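**Q**
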Amino acid sequence: NLTENEENTLKDVYDNTTFCSTRPFDKENVVEMSESLDIMSELPFLKSKCLNIFNDFKNKIMRQETTSFKMTTSWFTKTKPGQNNGFHKHGNQDYSMVFYFGNSSPVQITFEDFNPGHNREITSVELNPLNRGDWTFDMNNNELLIFPSEVYHKIQPFTGEGVRKSIAINLTATGQFGFGDSKIYVE
Numbered sequence: 168n169l170t171e172n173e174e175n176t177l178k179d180v181y182d183n184t185t186f187c188s189t190r191p192f193d194k195e196n197v198v199e200m201s202e203s204l205d206i207m208s209e210l211p212f213l214k215s216k217c218l219n220i221f222n223d224f225k226n227k228i229m230r231q232e233t234t235s236f237k238m239t240t241s242w243f244t245k246t247k248p249g250q251n252n253g254f255h256k257h258g259n260q261d262y263s264m265v266f267y268f269g270n271s272s273p274v275q276i277t278f279e280d281f282n283p284g285h286n287r288e289i290t291s292v293e294l295n296p297l298n299r300g301d302w303t304f305d306m307n308n309n310e311l312l313i314f315p316s317e318v319y320h321k322i323q324p325f326t327g328e329g330v331r332k333s334i335a336i337n338l339t340a341t342g343q344f345g346f347g348d349s350k351i352y353v354e
């Protein structure tokens with residue numbers, strides 16, 4: 168959780184940020200993003216907290232203790248009522264995170280598996296969380312969502328009051344990893 172002072176700093180940085188369209192050819196119904204792709208440099212307290220949570224995730228859950236990651240990009244998103252963002256992934260990255268803040272009510276993000284890993288179309292009699300190809304999450308303020316960057320996701324149409332706010336973050340592995348002819352070193 169953020170302190171009141173940290174929340175005020177986050178709000179001030181957001182309010183003084185210049186935004187641009189995520190799709191310059193369609194400026195009517197799309198999410199806006201900060202022009203800066205290094206917004207976390209202005210929020211070192213939040214960057215530290217997010218990296219601590221990510222490191223716990225990668226070490227304790229993913230068991231990637233020997234792999235280091237660095238934050239490569241971070242930006243604000245701004246979604247006005249009725250706007251959404253189509254399915255997309257974050258290329259050239261390993262993990263992505265989204266931090267939610269300053270929203271009047273829970274907001275939704277949906278993940279879609281467009282390639283379920285099999286070639287046969289086997290029909291389920293009833294959909295459940297394990298056999299469906301999409302998952303929607305209701306996210307609250309001060310929640311951080313971590314996911315593999317190659318997973319397609321979208322911002323659902325915003326139905327709340329005011330503006331939907333979040334910070335998107337990308338991370339990539341650094342150092343030496345892999346084995347055999349696939350071993351590489353990334354600074």
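The numbering used here runs 167 ahead of the 1-based position in the sequence shown. Positions of the beta carbon are idealized from the N, C-alpha and C atoms, including for glycine. Since the model is a prediction, treat every value here as computed from it, not as a measurement.
Just to confirm before moving on: does the CB-CB distance between residue 237 and residue 338 stay below 8 Å?
**A** Going by C-beta atoms, residue 237 is nearer than 8 Å to residue 338.
**Q** Whether or not the stretch 270-277 and the stretch 226-234 are in contact is what I'm after, with contact meaning three or more pairs of Cβ atoms, one per stretch, closer than 8 Å; do they touch?
**A** In short, these stretches do not touch, since the Cβ pair count stays below three.
**Q** Residue 302: buried (16+ other C-beta within 10 angstroms of its C-beta) or exposed?
**A** It counts as exposed.
**Q** Considering only the alpha carbon of each residue, which of 330, 345, 344 lies closest to residue 178?
**A** Out of 330, 345, 344, 330 has the C-alpha closest to the C-alpha of residue 178.
**Q** Classify residue 293 as buried or exposed, calling it buried when 16 or more other Cβ atoms lie within 10 Å of its own Cβ.
**A** With fewer than 16 Cβ atoms within 10 Å of its Cβ, residue 293 is classed as exposed.
**Q** In three-state DSSP terms, what is residue 253?
**A** DSSP places residue 253 in strand when its eight states are reduced to three.
**Q** Report yes if the CB atom of residue 261 is closer than 8 Å to the CB atom of residue 349, and no otherwise.
**A** Cβ atoms of residue 261 and residue 349: not closer than 8 Å.
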